[in-house]
Every structure is written in structure tokens, then in C-alpha cells.
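Enquirer:
2 protein chains.
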Amino acid sequence: MAANRPVTLRDVARLAGVSVATASKALNGQPQVRAETRARVVLAAEQLAFSPNTFAQSLITQRSGTVGLLTSDLEGRFSIPILMGAEDAFGSGQTSVFLCDARGDTIREKHHLRALLTRRVDGLIVVGARPDTRASLGRDLPVPVVYAYAPSDDPADLSLVTDNVGGGRLAVDHLIRCGRRRIAHITGDPGYSAAQDRARGALDRLDSAGLELAGGEVWFGMWSEAWGRGATRMLLDRCPDVDAVFAGSDEIARGVLDVLHEERIAVPSRVAVIGFDNWNILAANARPPLTTVDLNLEQLGRTAAQRLSAAMDGHPASGTETLPVRLITRDSTAPLS
Amino acid sequence: MAANRPVTLRDVARLAGVSVATASKALNGQPQVRAETRARVVLAAEQLAFSPNTFAQSLITQRSGTVGLLTSDLEGRFSIPILMGAEDAFGSGQTSVFLCDARGDTIREKHHLRALLTRRVDGLIVVGARPDTRASLGRDLPVPVVYAYAPSDDPADLSLVTDNVGGGRLAVDHLIRCGRRRIAHITGDPGYSAAQDRARGALDRLDSAGLELAGGEVWFGMWSEAWGRGATRMLLDRCPDVDAVFAGSDEIARGVLDVLHEERIAVPSRVAVIGFDNWNILAANARPPLTTVDLNLEQLGRTAAQRLSAAMDGHPASGTETLPVRLITRDSTAPLS
DNA sequence: GCAGTTGCCGAAAACGTTTTCGAGAACGTA
DNA sequence: TACGTTCTCGAAAACGTTTTCGGCAACTGC
Numbered sequence: 067m068a069a070n071r072p073v074t075l076r077d078v079a080r081l082a083g084v085s086v087a088t089a090s091k092a093l094n095g096q097p098q099v100r101a102e103t104r105a106r107v108v109l110a111a112e113q114l115a116f117s118p119n120t121f122a123q124s125l126i127t128q129r130s131g132t133v134g135l136l137t138s139d140l141e142g143r144f145s146i147p148i149l150m151g152a153e154d155a156f157g158s159g160q161t162s163v164f165l166c167d168a169r170g171d172t173i174r175e176k177h178h179l180r181a182l183l184t185r186r187v188d189g190l191i192v193v194g195a196r197p198d199t200r201a202s203l204g205r206d207l208p209v210p211v212v213y214a215y216a217p218s219d220d221p222a223d224l225s226l227v228t229d230n231v232g233g234g235r236l237a238v239d240h241l242i243r244c245g246r247r248r249i250a251h252i253t254g255d256p257g258y259s260a261a262q263d264r265a266r267g268a269l270d271r272l273d274s275a276g277l278e279l280a281g282g283e284v285w286f287g288m289w290s291e292a293w294g295r296g297a298t299r300m301l302l303d304r305c306p307d308v309d310a311v312f313a314g315s316d317e318i319a320r321g322v323l324d325v326l327h328e329e330r331i332a333v334p335s336r337v338a339v340i341g342f343d344n345w346n347i348l349a350a351n352a353r354p355p356l357t358t359v360d361l362n363l364e365q366l367g368r369t370a371a372q373r374l375s376a377a378m379d380g381h382p383a384s385g386t387e388t389l390p391v392r393l394i395t396r397d398s399t400a401p402l403s
Numbered sequence: 067m068a069a070n071r072p073v074t075l076r077d078v079a080r081l082a083g084v085s086v087a088t089a090s091k092a093l094n095g096q097p098q099v100r101a102e103t104r105a106r107v108v109l110a111a112e113q114l115a116f117s118p119n120t121f122a123q124s125l126i127t128q129r130s131g132t133v134g135l136l137t138s139d140l141e142g143r144f145s146i147p148i149l150m151g152a153e154d155a156f157g158s159g160q161t162s163v164f165l166c167d168a169r170g171d172t173i174r175e176k177h178h179l180r181a182l183l184t185r186r187v188d189g190l191i192v193v194g195a196r197p198d199t200r201a202s203l204g205r206d207l208p209v210p211v212v213y214a215y216a217p218s219d220d221p222a223d224l225s226l227v228t229d230n231v232g233g234g235r236l237a238v239d240h241l242i243r244c245g246r247r248r249i250a251h252i253t254g255d256p257g258y259s260a261a262q263d264r265a266r267g268a269l270d271r272l273d274s275a276g277l278e279l280a281g282g283e284v285w286f287g288m289w290s291e292a293w294g295r296g297a298t299r300m301l302l303d304r305c306p307d308v309d310a311v312f313a314g315s316d317e318i319a320r321g322v323l324d325v326l327h328e329e330r331i332a333v334p335s336r337v338a339v340i341g342f343d344n345w346n347i348l349a350a351n352a353r354p355p356l357t358t359v360d361l362n363l364e365q366l367g368r369t370a371a372q373r374l375s376a377a378m379d380g381h382p383a384s385g386t387e388t389l390p391v392r393l394i395t396r397d398s399t400a401p402l403s
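Heads up: the sequence lines are chains A and B, in that order.
Quick note on my numbering: the first sequence kicks off at 67 and runs consecutively.
Quick note on my numbering: the second sequence kicks off at 67 and runs consecutively.
(1) Check whether the Cβ atoms of F342/A and R264/A sit closer than 8 Å, and answer yes or no.
(2) Just the chain A side, please: which residues come within less than 8 Å of D167/B by C-beta, in chain order?
(3) For L135/B, decide whether its Cβ has a neighbour in chain A, counting only Cβ atoms nearer than 8 Å.
(4) Can you tell me whether V391/A is buried or exposed, with buried defined as 16 or more other CB within 10 angstroms of its CB?
(5) Taking the Cβ atom as the reference point for each residue, do T137/B and A168/B lie within a distance shorter than 8 Å?
(6) So S162/A is in the beta strand (DSSP E); what residue range does that whole segment cover?
(7) Got a sec: which bits of the stretch 172-187 of chain B sit with their beta carbon under 9 Å from any beta carbon on chain A, in order along the chain?
(8) To the nearest angstrom, how far is the alpha carbon of R408/B from that of V322/B?
(9) Any contact between the stretch 331-342 of chain B and the stretch 313-320 of chain B? By contact I mean 3 or more CB pairs, one from each, below 8 Å.
(10) Would you identify the three-state DSSP class for S218/A, choosing helix, strand or coil?
(11) Quick check for students: name the residue ranges of the alpha helix (DSSP H) that lie wholly in the stretch 239-287 of chain A, counting only runs of 4 or more.
(12) Go through its chain and collect everything with a Cβ distance to S124/B's Cβ below 6 Å, but skip five positions before and after it.
(13) If the criterion is Cβ atoms closer than 8 Å, does the pair T199/B and D229/B meet it?
(14) For A313/B, report the span of its beta strand (DSSP E) as first-last.
(15) Within 10 angstroms of its Cβ, does S315/B collect 16 or more other Cβ (buried), or is it exposed?
(16) By Cβ distance, which residues of its chain are closer than 7 Å to H178/B, with the 5 residues on each side in sequence left out?
(17) Roughly how many angstroms separate the alpha carbons of A68/B and G380/B, rounded to a whole number?
(18) What is the rounded straight-line gap between the Cα of G276/A and the Cα of P334/A?
(19) Distance, Cα to Cα, V227/B vs V192/B?
(20) Pop quiz: A105/B and L81/B are said to be a contact at Cβ under 8 Å. What is the actual Cβ separation, rounded to whole angstroms?
(21) T388/A touches chain B at which residues, Cβ-Cβ below 8 Å?
(22) Determine which residues share a DSSP beta bridge with S225/B and list them.
(23) Nearest to A297/B by CA position, among L272/B, D273/B, D324/B, is which residue?
(24) Please list, in chain order, the chain A residues whose beta carbon lies closer than 9 Å to that of F164/B.
(25) Distance, Cα to Cα, L302/A vs L356/B?
(26) By Cβ distance, which residues of its chain are closer than 7 Å to P147/A, with the 5 residues on each side in sequence left out?
(27) Tell me whether the beta-carbon of L402/A lies closer than 8 Å to the beta-carbon of V359/A.
(28) Does the count of Cβ pairs from the stretch 208-216 of chain A and the stretch 234-247 of chain A closer than 8 Å reach three?
(29) Where does R104/B fall in DSSP's three states?
(30) What are the residues in the stretch 287-313 of chain A lying within 9 Å of chain B by C-beta distance?
(31) First and last residue of the alpha helix (DSSP H) that includes I347/B?
(32) Roughly how many angstroms lie between the CA atoms of D139/B and S145/B, to the nearest whole one?
(33) What did DSSP end up calling I318/A once you bin it into helix, strand or coil?
(34) Please return the same chain residues whose Cβ sits closer than 7 Å to the Cβ of D410/A, not counting the five positions on each side in sequence.
(35) Over the uninterrupted alpha helix (DSSP H) stretch that includes V78/B, give me the two end residues.
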């Protein structure tokens, strides 16, 4: 809490024996200043531990060097990695990030949006908690916006989403390559596009292999371990010869594993299990450790930051960009021997 | 992306037919302006959707209206709720928060600190990933700092920590009130003060009840389900008449429950289990749902924000403040019948 | 009617930069 | 010598506010 007056460019200029104008130009790498004077100014700045007042800079340049991260939710596990990726991409450069949590409330979102615009952020990343489409913030914003995870309903906006369809395809593909033929799909709330898309991808891959879903249909339910357990019991009852389960989330997969374990059904030798999300605390600690699909969320955040930077530099984009997911192989799947 | 020139106070003043000086005073609630003129100015501001340029304001008032949230880690689960609490406390007011993630790297932390100071934040909250003491940022910072979760090693700083000793005491107290007498404690890495403190609290409460720890000593190990499972097997082997287990984390508790379930030992009727952390995904989905201790992290974040606000208003504090934890009763504990 | 007080308003300085533009010096060329 | 160029630098304007201070008019009390 030192209270000494902060050092300004004037002080630097005085110490270096030049005017503030040249001091400014020297520090900003403008060419019209002699090398020797520049060195003198830089030295003076270092001696005084000068750091330019960003308000004065922003005031004149009309750029704040900040972006806003507007998240609908910090509770869930999906927004955090995205924020991490975005923060990392910006924070290691010269831009600082404002964090705003709307807590699922539209009013609060509006409040934060207004606050961010008042602070003259140069850009905005809107990250959703669910991959379902969300309302656009509008077209008349003074700054570029990138929507991450939850796409905007306006195709003129730029949205970045994970490839849930591809993820479903990938999961089933892996099971088929493991020699499985009687594959069931237990997943969460059918009101989530995540559930629908993953199921669609799964069915698509099954179809192209000439296979049908074990159990006859997708088992929609809830995103919980309890549902995973309940559905698995029903599944074993109705379709005892199932040899693989694709769970729509790692939580559900934990429930599946739990019941299989209880029933003394060997995993993966008799039934293979694959999850979704790669939620480490659940997947890595499972018995056996869970093969699953990673959404590459941190990469999604990083890409969002790149797209936003591009837009801020005058290269806007629009439409929905789908980013790839990847398979994480652990011990709950293996080829049939 | 409308490109029309942003409206300034001059525009408002012109429309209202006053000078910028009175316009400023009118909008800022200064008394020396007639009610009728004030109304005219406010109306004009609304019509033009005026929002003051915060850079100009900050430049003159020497206050940015922003704070920095400097976290050592976003991976873990502990920093997030703290950030949420702090963001909520500030964000609903007029201050915006910068988010900086050091990713466990001192270099990066220094970089972020410099960036935040350059942005002239009015204050700083440093949140750690572990409750162990961390190095102070120093005494010569131009803004007040509050350390949350991980206390500073400098007693002149203000640190806010959770009451791990009290939590251990609380957990064992609950088990004793449930009529348990042969209580074991399985916990994580002894290198964590969290493990040591909780164990200390547990032993303290046992002592005051004249009890000894079942198994003879604290079972230190790792913060994982696997360790929970392994330790429980050893425990049952060495001490088959145990009637309660206090797990040092919910992860460990999950492992404990798993083995008890496997061994067909009824929970809570024969053995009661209590966890720590109230990590919802683990605790609520456990079989049976897990009684545990909640760290009140969001409240910790909120309190940190309050303390920081006080310090920014000229009421600094120092020392370490310990915040209470609370018991979450679910179904893994119950009175002996 | 007059001095003193109060209420309301505007001109101008200030905050700390960046940028434009003009001036002087040094240089080369004819 | 005269002239055009190229370097280097500084004075000053600008960014959009807040705040101080002085001025004017309308009151008050006598």
C-alpha cells in the first residue's frame, strides 16, 4: 500500500531529457526516433518502473485491450474448461478478461452485458452451459461476439460447438472395432440436444454397419448415476446378451458399471462400456477406468479466443463451426478375444 | 456492429441545453443543480442511450471500479465456488472483475499480477487451490489484497480460510451423536494441511469423548477413490468391528462405500460413512447419498469480496480469519438403532 | 433600497496518454 | 551557394470525463 505518486510519462521524459511526445514514440517503437534517444528513454522508464496508464491509452486509442467472458453458468462442469482455454489464449497476451456469471438468469445477463459494454470491451465470448441453441444477443452490438458451446439462434453470429453427432459416431465406431455387435445406448434427458445428437451419431454408425440397437431403442432418461443403474437393470433384463453399452455421459456410465459389477458381469471382457465427457473425477476413478469421449472444451475456448481476435482485427466470421471431439481409451473397452 | 459515433456527455448536454459541467453534476446526483434541469439532463441521457466513458472517469477519479481475481488454479474444484461467490458479490454492484489463472505457475502469476496492476485494479483477491500457506505477494502493492482459501505467509496480510479443524471435529461429533464408538479416519495426502487439520479436529473430538481411533491411527494416503477402497479393505481386515468411517474427502468416501457395498456391509445401519467437501456429483449420487461436510466456499468468496471492499474503502484488516463449515446430512449416516 | 446570503450554472483546468504537424538540423545534389 | 530530402524532435490538440471556482440572479433581513 505504498502511497507515492504513480510515475507518469512526463517523469520518464524529464529524466531522459526529452519531451513526452518523443518519450511516447520511443516506448511504442515508432520509427521516427533516434536509436540513442530511444535507449535513453527506455532506460529511464525502467529506472522509474514506469507503466503507462491504460485509461489514458484507451481513451485516446478507443481500444480497451479487454474482452468479456459472459457465461450463463459456472455451476456446471462444461463452462469452466472453456473459460480456461479462452483466458489462457488472451491472458498470455496483452488482453485482460472480464468474468461475468449470469447464473442462468436473463436479467442478470443483460445487466452484465451492459456493464461490459460500458467498460468498452473489444469483444465478447458468450459461453453456455448446455449445447442447445440460445437467443442471440442481437446484431447491433458495438463489438464482435463469439458464441461458444451453446450456439446462437442467429446464423449471422459466429458459434462454436462440439461435434456431438461425431462423438456418438466415434463411440459406437470404437465399440464396433472392438468386435461388439449388440450395442445399447443409455443416455440422459431427451430435451437436451446433446442427448439427441449423440444418439443420432450412434444410430448412424450402427446403421452403416448394418446393426441395430440392442434393446431396440435409445434409453433416454436423466443425466444421473441412478438412471444409469436403473436403465442397466432393465437392459440386462430385456436383453441379457448385450455386449456393449454406450453411455451418454460419464455419470450414467458410472451407474452402468456399478450394476454390471454388482451382477458380476465382467467389464470389458463380457460387456464393454464407453462414457462421454471425460469428466476426470468420474472416468479415471471408475472400476475399471472408463473409456470415454473428450469434448476438447479447453481447445474450444482457445479457438473461440482466436476467432474473436480475428473479428476484432477486422476479420469477422459467421455461421456455426463444429469442433472435433476425441476418444480417450481406458480399460472399460477392449477387443473381444 | 453499428459504427455510429458513441454518444458523449457533450451530446447529452447539448440536447438538454446545458453545459457539460452541469450535465455531469446532474447525472452524478450532485446537489448544486435545480431539480428541473436535472430531469431534463436525465431525459436527454436516456434518449441518447448515454453511457459514460469509464476510461475518462477512471482517469480523473483515479479509481477503476475493477478488481482482480488471481487464482493459482482453475482445474481443481475448490477455486471455482470461491470465484463464483466473489464474482457475485462484486458483479451485482458496479465493480467488474478480471479473471487471471496462473495455472500453478509462479512466472505466470507474476505476469498476471503486473497486468492487473497496470490496469489499475482497485483490489485483488488471491485464491489458492490448496489450503496450505502460500507466499505473500508482498507488502508494497499499491492496492489491498485478500487471500482466500490459501492463507498468506505474512501475518500483515488478510487471509480467509476454511475451518478444517472444526470440520474434522464436526464430522466426528456427528458420528458420535449417531451412537458410533469405533470410528476410523481414512484421509488423503499427509502433505496437505487439509488432511492434517481435519485429522487433528477428529482426534480432538474423539479425545474429549474418551474414545480412540479405530485402527489405532489415521490412515493417510491419497485423495482418490482407489485409496479409499484399499484402505477400507485393510481396515476391515484389521478392525472388523468398526462402526463408522470418517473419510477425508468425498472421493475417498466413494471408495469406502464401494468396498462396504462389495462386502455386503450395510450403510449406515452397520457402518456409518461421512465424507468431506460436499462435491455434489460424488456425494449426491453415492449409494447411499453421502453425509458430508460443506466448506461454504461460495460464502468464503463472498466474504473475501466484502473484506476487500472494506479495505478499498479505507478499512484494511490483517491476520487470518477462519470461516465455519457446515454438516450436510444425507443417508450414509444415521443413529444406531 | 441595500448589503449579505443562497441557489444555480458555466468556463476552464486537470487526468495521462497518442498523434499530427511543423520546425530545425544535417545531408546530398546540382 | 542554393535547394530539396531526410532525420529527429517538440508543441499542441485531442480523447471524455470530474471538479473547482467565479459569476450572476434571486432571495433574505433590515
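All C-beta atoms, glycine included, are put in the ideal place defined by N, C-alpha and C.
Expert: Let me spell this out:
(1) To locate residue 342/A, count along the first sequence from 1; it is residue 276. To locate residue 264/A, count along the first sequence from 1; it is residue 198. Yes; because the gap between Cβ atoms is below 8 Å, this pair is in contact.
(2) In the second sequence, residue 167/B corresponds to position 101, counting from 1. When 8 Å is used as the limit between beta carbons, D167/B is near these residues of chain A: M150, E153, D154, G157, in chain order.
(3) The count along the second sequence starts at 1 and reaches residue 135/B at position 69. Yes, L135/B counts as interfacial toward chain A.
(4) Residue 391/A sits at position 325 when you count from the first residue of the first sequence. Around the C-beta of V391/A, 16 or more other C-beta atoms lie within 10 Å, and the residue is accordingly described as buried.
(5) Within the second sequence, the letter at position 71 stands for residue 137/B. Within the second sequence, the letter at position 102 stands for residue 168/B. Result yes, Cβ atoms of T137/B and A168/B sit closer than 8 Å.
(6) The residue you call residue 162/A lines up with position 96 of the first sequence. Looking at the DSSP string, the run of the beta strand (DSSP E) that includes S162/A is 162-167.
(7) For the stretch 172-187 of chain B, which is checked against every Cβ of chain A, the residues closer than 9 Å are R174, H177, H178, R180, A181, L182, L183, T184, R185, R186.
(8) Nothing about residue 408/B can be read from this structure; chain B reaches only from 67 to 403.
(9) Flag = yes, the stretch 331-342 of chain B and the stretch 313-320 of chain B touch.
(10) Taking the first sequence and counting its residues from 1, one reaches residue 218/A at position 152. It is a strand residue.
(11) Within the stretch 239-287 of chain A, the complete alpha helix (DSSP H) segments at least 4 residues long are 259-274, listed from N- to C-terminus.
(12) Along the second sequence, read from residue 1 onward, the residue named residue 124/B stands at position 58. Closer than 6 Å at Cβ, skipping near neighbours: S130.
(13) One-based indexing of the second sequence puts residue 199/B at position 133. One-based indexing of the second sequence puts residue 229/B at position 163. Their beta carbons are not under 8 Å apart, which means T199/B does not touch D229/B by this criterion.
(14) For the purposes of this step, residue 313/B is identified with residue 247 of the second sequence, where counting begins at 1. Unbroken beta strand (DSSP E) run through A313/B: 310-313.
(15) Indexing the second sequence from 1 puts residue 315/B at position 249. By the Cβ-count criterion, S315/B is buried, with 16 or more other Cβ atoms from all chains shown falling within 10 Å of its own Cβ.
(16) Start at 1 with the first residue of the second sequence, and residue 178/B comes out as number 112. Closer than 7 Å at the Cβ level, and outside the excluded window around H178/B, lie L136, C166, A168.
(17) Within the second sequence, residue 68/B is the residue found at index 2, counting from 1. Within the second sequence, residue 380/B is the residue found at index 314, counting from 1. A caution first: A68/B carries a pLDDT of 42, below 50, which makes its placement in the model unreliable, though a value can still be read off. One C-alpha to the other measures close to 42 Å.
(18) Within the first sequence, numbered from 1, the residue matching residue 276/A stands at position 210. Within the first sequence, numbered from 1, the residue matching residue 334/A stands at position 268. Looking at the backbone, the Cα of G276/A and that of P334/A are separated by about 23 Å.
(19) As a working note, residue 227/B is residue 161 in the second sequence. As a working note, residue 192/B is residue 126 in the second sequence. Their Cα atoms are separated by approximately 12 Å.
(20) The residue you call residue 105/B lines up with position 39 of the second sequence. The residue you call residue 81/B lines up with position 15 of the second sequence. That pair is no contact at about 13 Å.
(21) By one-based count along the first sequence, residue 388/A stands at place 322. Under the 8 Å cutoff, chain B gives no residues; its nearest Cβ is about 24 Å from T388/A.
(22) On the second sequence, residue 225/B is found 159 positions in, with the first residue counted as 1. Bridge partners of S225/B: Y213/B, T386/B.
(23) The count along the second sequence starts at 1 and reaches residue 297/B at position 231. Among L272/B, D273/B, D324/B, the Cα nearest to that of A297/B is on D324/B.
(24) The residue given as residue 164/B occupies position 98 in the second sequence. Against chain A, the beta carbon of F164/B has neighbours under 9 Å at T132, S162, V163, F164, L165, listed in chain order.
(25) Numbered from its first residue, the first sequence carries residue 302/A at position 236. Numbered from its first residue, the second sequence carries residue 356/B at position 290. Those two C-alpha atoms are separated by around 27 Å.
(26) Taking the first sequence and counting its residues from 1, one reaches residue 147/A at position 81. The beta carbon of P147/A lies closer than 7 Å to those of L363, E364, G367 in the same chain, with the five residues before and after it left out.
(27) Numbered from 1 along the first sequence, position 336 holds the residue referred to as residue 402/A. Numbered from 1 along the first sequence, position 293 holds the residue referred to as residue 359/A. In terms of Cβ geometry, L402/A and V359/A do not form a close pair [threshold 8 Å].
(28) The stretch 208-216 of chain A is not in contact with the stretch 234-247 of chain A.
(29) Stepping through the second sequence from its first residue, residue 104/B is reached at position 38. R104/B falls in the helix class under three-state DSSP.
(30) Residues S290, E291, A292, R295.
(31) Numbered from 1 along the second sequence, position 281 holds the residue referred to as residue 347/B. Counting along the chain, the alpha helix (DSSP H) containing I347/B begins and ends at 346-349.
(32) Mapped onto the second sequence, residue 139/B falls at position 73. Mapped onto the second sequence, residue 145/B falls at position 79. Near 7 Å, if we compare the C-alpha coordinates of S145/B and D139/B.
(33) As a position in the first sequence, residue 318/A is number 252, starting the count at 1. Taken through DSSP and simplified to helix, strand or coil, I318/A comes out as helix.
(34) Only positions 67 to 403 of chain A appear in the structure, and residue 410/A is not among them; the question remains open.
(35) Position 12 of the second sequence holds residue 78/B. 75-82 is the span of the alpha helix (DSSP H), which, as asked, contains V78/B.
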